[in-house]
Structures are given as structure tokens and as C-alpha cells.
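Numbering (numbering that gives the first Met the number 0), first residue to last: 0 to 989.
C-beta: ideal position from N, C-alpha, C; glycine also.
These numbers come from a predicted model, not from an experiment.
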Amino acid sequence: MKPMPSVSNKNRILSLWLCLTLLLTVLLPVSAFATASGRKIVRVGWFESTFNMTDQNSRRSGYAYEYQQKIAAYTGWEYQYVTASWPQLLEMLKQGEIDLLSDVSYKEDRAGSILYSSLPMGEEEYYAYVNSRNHSISMDDYTSFNGKKIGVDKGSVQAQKFAEWAKQYGIEAEIVELTSVQRDTVQKLIYGEIDVYISASIVKADENVTSICKIGSSPIYFAVNRNRPDLKKELDAAMNRIQDVNRYYNELLFEKYVKRGRTSSFLTFGERKWLQRNGMIRVGYRADYSPYCVEDKGKKKLTGALQEYLDAASDSIKNAKVYFEPVAYPTINDALTALRKEEVDCVFPVNMTDFEGERINVVLTDPPMHSVMLAIVREADQKKFSLRGIVNVAVAKGNHYHENFLKEHFPKWGKTYFNTADECLQAVAEGRADCYLISMYRFNRIADQCEKLKLTSQSTGEEMNLSFALRRDELQLYSILNKTVGLVSPETIYSALAAYSHEDKKVTVEDFVKDNLATVIAIISVAGAIFLALLLNNAKAEKKAMERQQLISVAERDDLTGLYSKTFFHEYVSRRLHRHPEQKMDFVALDIEQFLSVNELNGREFADNVLRTLGGEIREALDGTRGIACRVEGDRFELFCEQRKDYQVLLDRFQSKMNGLSQNANIRLRMGVMPWQEGMGTALGFNRAWMACNMVRGTNRHLMVYNDEMRARETYNQRLLNDLRKAVDRRDFKVYYQPKFNIQCDPPRLDSAEALVRWKHPELGLIPPGDFIPLFERNGQIEIIDKYVWAEAARQIAVWKEKYGITVPVSVNLSRVDMFDPKLEEILDGLVKDNGLSCHSLRLEVTESAYTENTEELLAVMARLRNKGYEIEMDDFGSGYSSLGALSSMPVDVLKMDRSFVMNIDNDEKDLRLVELILDIARNLKMPVIAEGVETESQMTLLKNAGCDFVQGYYFSRPLPPEEFEVFIVRDTGRNEENRKPVRPIPVTQ
């Protein structure tokens, strides 16, 4: 007999039972295992991305959301959504504050704190995103990632994947862990707080952000609260059932939510070079394949869904314009023959397998268009119709679409061939064939005939893919076309297909009378009304065509001169060089000297008339030849004309026209010519023409033809480009300082200095700045020099301040490239702070030519810098096409008048009057003026009397190394500081 438990044991049991009851009472509400109805409540992490999306109407969707709804259908779960960033949600999952989180990669260090689903929910691909304006990082050169700040979500696997990728390519970069939501992270990328963002989900921002390369991939899982093994068990069972029903479920979700947005909207360097070399992409198409592509016989133009697609594809790339030239062929086989002969670059629409493409040496792009195929059968067989019952199908001879479709999807069907589609339909109606295949979008073309023959349509359930075919060696073109396929929205394509598939079918009068004899009398009675309607429709069509042509003309032509626009001109030239390399055509550059003075002295209306007249004369000179021309910008023109030896005659003709405009205006032209050379491209040809044109600047000559001396200059320039980075590392660049003097004081006093760079090459000796500064500007390398000079200038200001107790402000140059660097403000602020300076100490010179493009964005950058206290100087003012009147709205503090205005003021009354005009307007705007290039006492005196505030030039001093410049500081510190006239508050301070 067992002993009875003691009282103390009973008390222990009772206490244990009470504690357990109390614990369950506390835990059950917290975990919220079930609702009153018995459905489990699951707390799900929600982070805005392609996995979890909320639209403007607060409707939820996304990869994870749809997956979770499918899981709920098998488990009966009810979800509570907890919104935060993904890193925050991962920590909440570890702490038990949520129950389920999607998009979690497996990591050993996580396995102990969370539970993983037994099956992956998909595969995650990691991409590198950059600011679209950050050209320092390139997909063509992975080493450009070196030294960059790489942003990754904290706790994510992206850091590990980037480290593996970086090790593979020998890249050293700084990893920055982020906890912000994606929207805020994108802002960090745009404003330069990070250089690269590694993300698995598609970054949905705007044109400021783009992906440049794939970093890696890994399986992703649902992660479960480790205290909820019951949820994991139900989750695993549900995912097994989902993937058992459809083993491709993950892939379908990827296709639906992720794949479409993965396409990069930027071309690589190699792809852009292909476009520059070839110009337009020539697309061969079948001329009678409505609604996909049809040639308008009257206008010889492409219509149909293909045209809509090409229009959309043309604008889909962000860093290039893609132009297409459609070329019609009677059959697709004719177009493929033209492809082999290189008469076209690609062919559409093509339906064949990769195997068939390999046999004829073509490669197929991803299909931009798909169509469900219909089987046309007898109405009497409709109810008993089955694809298994098909014995033979009617096929029109030469129809490769049906041939290839049958081989791929219905290889066992027999084929009976007929000459035309009409014969095929007749054969089906008479029982000589079981069916005829046709695209869903082409059915309307035969609908009436089917009705007469008592035929109907049935879906085959299979799609026919239509792709571009191109030669297998066109690797860059293949990539370009595939990018456009990924970027053009399906909505654009299928709305076009639907629209064109419902166009009215043409019916002859004879057919109409035969089929509708009873209605002939009615037709005659309303013939007048029908005729009127046709006239109206025709008028509308002509009006629409005219409007379209006008739009094309606007895009192609410069509205002021009537010449081609720069973009179209360069495309046409590239295309002609590619198609007709044997034609000897020269590249010509034409420029108007000091066009600003023409504009300011005679007014904008007169200046426009100058440009209009010159454009008209260029058109007349090229009329009847194979030559074409464009206005590049402002007062710059380019001509592509038949080779000639008498360019002086052509220049004299243009100059004579200019001379006839006004006796009071001195309008001088200069011309540069690059003669034809076999194999020369558009960009190189015009670069050399402008090089020749610029060689006569400031001389008495007005025409220069590119020659051997200039070719030697090119070789020299390439040497300088190659040596640039080594020179920076060796500190071969030396910063000199040229003083600026306040000439309204007596005697003139030192006000500030300009930092100017000199290159002491170990082999070539001292290289003049005119040799390398313009070169690096043209090649986008000037920012390397600029940043070097900024750092040296800031350091030198600090040295002088420490040594002499005085701050000498120094002006440094900012190029257009610098202005659009997202880190510009950070770099300048850092230099000022690190050297113990104020923003007023480092003055910023921006050349007038920088204002010609992206003006609003550039002005916004300048305004931000100015608000911080930096002084903005407009350098080389008067050398471009700016208006003095526009200065009032610009964030500019000082004008630096171009030296070309000062050169002849003591010899030319007109130049002096122009200088006085500039000074008067600047004085009214309360904007000081610095005159550059002052070399004589008479120039200095004239400028002083005209009211100029400051001068800079060899009259006072050439640019000096820092130790020699100190002579001016020592001399000036001994004078009365009260005579120092500031440009803005806090000029030279003690």
C-alpha cells in the first residue's frame, strides 16, 4: 500500500499548480494565441518594399503579403501588422515582440535566436544602387568602388555578400550599417551620405537612383519567433502544400513583383559607344503583320504595336537616347536575309527556339510581346472540341510563326499546307483540316470570314512569343535591346495591340455587293452621307499625321536657325559614316567671336537675327549637296559637308553675310576643319574640328585646318591624361597664388588671391596650365585637380594665418563636374573646419560657361553654398552667352570680367565702352567686379576711372609660389587696415 502524501507535499503541489495557472494567465494574453473565434493572431513585420507595398488607397500587396495570404488560407491565421524598418523588425522578432518576418536570409549567428521555415520563400538578389549623377562609380570598372561608403541594412546578409564580392574583385570599401526605412536610406544616397546602397528589394525612388550591378544572391525564408514553434509547424505544413500544388509558386511571385523592376535603365560605356558608332538601330519588320507591324503604303511608315513599342523604348534609357529606323520587308524571311547581309541590325517579330536561332546564326532577345494562340474550328465541332482530337492542322506556306509554334507545343499534329490563310480557313470549313491557328490579336482580321464559313475560335492555352532577332556577334546591341524589353511597360504594349487589333478591315465594293445584295439600295441612298464621313475621317487622319510630323520636326530642328538640333545631327552623321564610309565628308566647326558683346550692345533681338541669318546662309551653302549642319548651342555651329579645299571661300561667304547685317556691329567668325579620314567617328571628328577652331582664338587668323602639329598635340594630351594620377600621388602639381588688388585705394592694396595650379612634370618639365586644364575639363578629370587645389589652398590660408595673424581669402575654381558632386558641400566644409577657417576664407569661382545646362540645379547648389557663407565669383564673365540682366536672379557675389575685354581698352573705344557698360550694370546690382588680365598701367587707370573695384594681372604680379607671395602680405600688414575695402563682410581679417 502506497503511503499517503504528507501535508507539506500537498502544499508544494498546490503551490506549483497555482504558479502554473498564474503563468498561463499572464502569458496567454501576451502571445495572443487565438481570438475568441479560435483563429490564431500572428503579429507580422511590415516593411515597405517590393515584399510589402501600400498604395495610395491604403491597399496592401507585395511578394510577402501575397505569400502570407496564401499561408493563411491553409492555416486560418489572422494577421496583425507591425510597421518598422527591416533591421528594427528583426530585433523585435528576436525579442519576441512580433511572430513572423519575411525576407530573412540564413545566418549562423541568427539561428539561435529565431526559427526558419523549412522551405525558402524565394531567392534574394542583391544589387548595388548609386546616385544617378555619381559618375565616379561605374559598372564598367569595379575598382571604382574602392574607398567608397557602402550602405547596408543593419543585421542583414548584404554586408557579408558585399564583402565576398569585394574580395573577389580586390575592392576595399567602408561598410555603413543602416537602420532607417528604405525611403530615408535613398535620401542618404541622393545627398551623398553614402556612395552605394546594397539592397535586395527594388529601390523605388525616382530618376536620381539606379542599380549598376548585381552583388550576389541567397535563399530567403520566413523567420518565426523562437517561442512559437507551433507557428513554425503550421507554416512549414502550409508552405509544403503551396509548393506541392505549384512547385513554381516562388518563381511566379518573383516574376510578378520583382523581375520587371530589375532592369537597369542605364547603358554601360560599351553600349553607349555602340550607339555612338552606329547611330540608329535599323529594325527590319514584316510589312503586313497587323496589329504587330504594318507599313503604311502611302506614307512609307511603320504603324502598329511595334511603332508604339519603339517610341517607348526610345525614351526608356536614362543616360542615352535610342533611335530606331524601321525598314519594311514583304516576309519575315526577307527581313532575316537582310539581317544576314547586315542591311538591318535586328528583325521583328520572330518566333523560334534558341536551337533554331543557333542554326541560322541569330540570337533572340527576351520577347517584348506575347499572344495566346487560338484554334479556328468548325462550329459543329465546338462542343466536342479537344486538342487531343486534332489530327492535322492547316498551315499557310511560308508562315514560320505557325511552323515554329507547332514544333514547340504540338509536335505530334500533322500539317497540311495551303497557299494562303483564306485557303486554310476554307479547308477547315470543308473538313480537310481540323483547325487553323491564329494569334488572338489577329482574329478580328478573319472574324467575318469565320462567321460566313461557320467557324469559331477556341484557345489552345499556349502563348506564342515574339522577339527581336539579331546577329550573334552583336553583343552590345543584344544587351541594349534586352534592357528596353525590360523597361517598356507591358501596359504600353498590350494596350497598343488591343487598339490596333480592332482597326476596321478593308472591304472592297465588289465583296460588299456580293455578300450584302439586299442592302445595296440602302447603301446607295446614304452614299452621300458615307462619302462625307469618309472625307471627315480622312481629314482627321491627315491632321493627326501632320501634327505628328510637326512634333518630329520640332525635335529634329533648332527653332531659331532651322538647322538640325545637336542630338539628331550627331545621330544622322554617325549613321551616314556607318552606312557610307567611302563618302569623303569633312567635319567643320564654326563660332562667333565675343558674341556676348553683340548681344549686350545691340540687344537680344539683333543677336537672334545674327544667328538666324547665319543659319540660313549655312543652309543655302549646303543646299544641293550631301552636307548637313546644326546649331550646337549659343553661337556654335557644326557642319558635315563634302570634302573641299576652299574653306576660306566658304568662311568669306559667311563673313560677308555677317558684315551686311549692320555697320555698327563687329561680328567676326572663326572656323576649324577636320578633313575626312577613313574610319573616323563623329565625336573624334568634331572634337578635332573644335580643336582647330580654338587654335585661332585670340589671333589674327580666322580659319584653321587640323594638321600633323595638332595630331602631335593629341599624342601629348594622351600622355598627360595617362600621367595624371601618378602626378597627384607624387605631388607634382604645385599651387601658385596671384594677388588681387583693390584699386580704389591709393595706393592699391592686397585684397585676396586666386589659387592657380602648375604641373612640374619629372620628364616634360613645367607644363603650362593651358595645356592640361582644358584637357582635363573635356575628359571629366578636372575634379581630381580641383580637389587637390582646394586642399592645398585651405592649408596655405591656415599657414599664413598662423604665421602673420591675418586671413588672406583665396579663390579656387569649381567646374561643372564639381558642382554636381553630391559630396561637394561635405568636402568644402571639411576643408574649412579642419584648417580652422571660416567659409568666407575660401572663395569659389564658377565659370560663366557652367551655367549653360542644368541651370536650375546648378543655381540651387550655389545658393546652398552661398547661404553657408561661401563667396561665389562668376569667372570669365563675358566669354559666353549670358545676359547681364539675368545676374540679378543668380546667387553670385562678384563678377570676374574676362581678360578679352581688357586687352584692347587702351586702344579700342568700343571695348572701353563695353567695359563701362558692364561696370555700370554691375554697380546697379551692387556687385563688385574683378578685371582679369591687367598688364599695363594705362589699363589699370582706365579701369579705376570707370569704377572697377579690383584687378588681377601681370601689371601687379604673375602667379607666385607661396613663399614669394608672402612679400605682399608682409608689405600689406604694415599699412592701415581701415583702407581695405571688403568684397563682402569678413574679407581680410586680423
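Who pairs with residue i in a beta bridge, going by DSSP?
i	result
F639	F586, I627
Q457	A374
G764	H760
E872	E844, V893
P674	The partner list for P674 (beta bridge, DSSP) is empty, contrary to what the question assumes.
N944	None; N944 has no bridge partner.
Just verifying my parser: in three-state terms, what is the DSSP assignment at residue i?
i	result
E173	strand
M164	The displayed chain sequence assigns Trp, not Met, to residue 164. Three-state result, W164: helix.
K451	helix
P890	coil
Y400	helix
R578	helix
S217	strand
H134	coil
K725	helix
H701	coil
C292	strand
S143	helix
Y73	helix
S466	strand
K733	strand
V609	helix
I193	coil
E65	helix
Given residue i, which residues of its chain have a CB within under 6 Å of its CB, disregarding the five upstream and five downstream residues?
i	result
V969	none
V129	I136, V195, I211
E233	T74
P348	Y291, L465
P958	Y735, Q737, L755
H408	E461
A544	Annotation note: pLDDT 44 at A544 (below 50); position unreliable, coordinate value reported separately. Same-chain partners within the cutoff: there are none.
What whole-angstrom Cβ distance do residue i and residue j have, given they're in contact under 8 Å?
i	j	result
R898	G946	With 8 Å as the limit, R898 and G946 do not qualify as a contact, their Cβ atoms being about 19 Å apart.
Q457	A395	The pair is not a contact, with the Cβ atoms about 19 Å apart (cut-off 8 Å).
D152	W85	6 Å
A790	L841	Actually they are not in contact, since the Cβ atoms of A790 and L841 sit about 11 Å apart, beyond 8 Å.
K160	S217	7 Å
E307	V371	The Cβ separation is near 20 Å, so there is no contact.
L251	L99	Actually they are not in contact, since the Cβ atoms of L251 and L99 sit about 21 Å apart, beyond 8 Å.
L118	N239	7 Å
Considering only residues of the same chain and omitting the five flanking positions on each side of residue i, which have a CB-CB separation below 7 Å?
i	result
E855	none
D971	R748, L749
R1000	Nothing about residue 1000 can be reported from this structure: the residues present for the chain run from 0 to 989 only.
T178	S84, P86, Q87, K153
W689	A588, G671
E355	N403
E570	G278, M279, Y322
Is residue i close to the ligand GDP? I mean its beta-carbon at under 7 Å from any heavy atom of the ligand.
i	result
D817	This structure lacks the ligand GDP; in fact it carries no ligand of any kind.
What does a CB cutoff of less than 8 Å around residue i pick up in its chain, not counting 5 residues either side in sequence?
i	result
L305	V282, Y284, Y291, C292, P325, F347, P348
E963	none
Would you call the segment 221-233 in contact with the segment 109-127, where contact means no fewer than 3 C-beta pairs closer than 8 Å? yes
Just checking, does the segment 331-344 make contact with the segment 275-286 on the three C-beta pairs under 8 Å criterion? yes
Is the segment 466-480 touching the segment 409-428, taking contact as three or more C-beta pairs under 8 Å? no
Is the segment 733-742 touching the segment 703-722 in the sense that three or more CB pairs, one from each, lie closer than 8 Å? no
Inter-stretch contact (C-beta, 8 Å, three-pair minimum) for the segment 580-590 and the segment 664-679: yes
Counting beta carbon pairs with one atom in the segment 450-469 and one in the segment 359-368, are three or more of them shorter than 8 Å? yes
Count the C-beta pairs between the segment 802-818 and the segment 90-100 that are closer than 8 Å, then say yes if the count reaches three, no if not. no
Count the CB pairs spanning the segment 139-159 and the segment 177-197 that are closer than 8 Å, and state whether there are at least three. yes
Inspect the CB distances between the segment 603-610 and the segment 304-322 and report whether three or more fall short of 8 Å. no
Contact between the segment 777-793 and the segment 725-738 (3+ Cβ pairs under 8 Å): yes
contact_flag[the segment 482-497, the segment 378-394] where n(CB pairs < 8 Å) is 3 or more: no
Okay, do the segment 912-923 and the segment 951-959 touch, 3+ Cβ pairs below 8 Å being the bar? no
Determine contact between the segment 435-442 and the segment 323-338, defined as no fewer than three beta-carbon pairs at a distance below 8 Å. no
Counting Cβ pairs closer than 8 Å, one from the segment 699-711 and one from the segment 754-774, do we hit at least three? no
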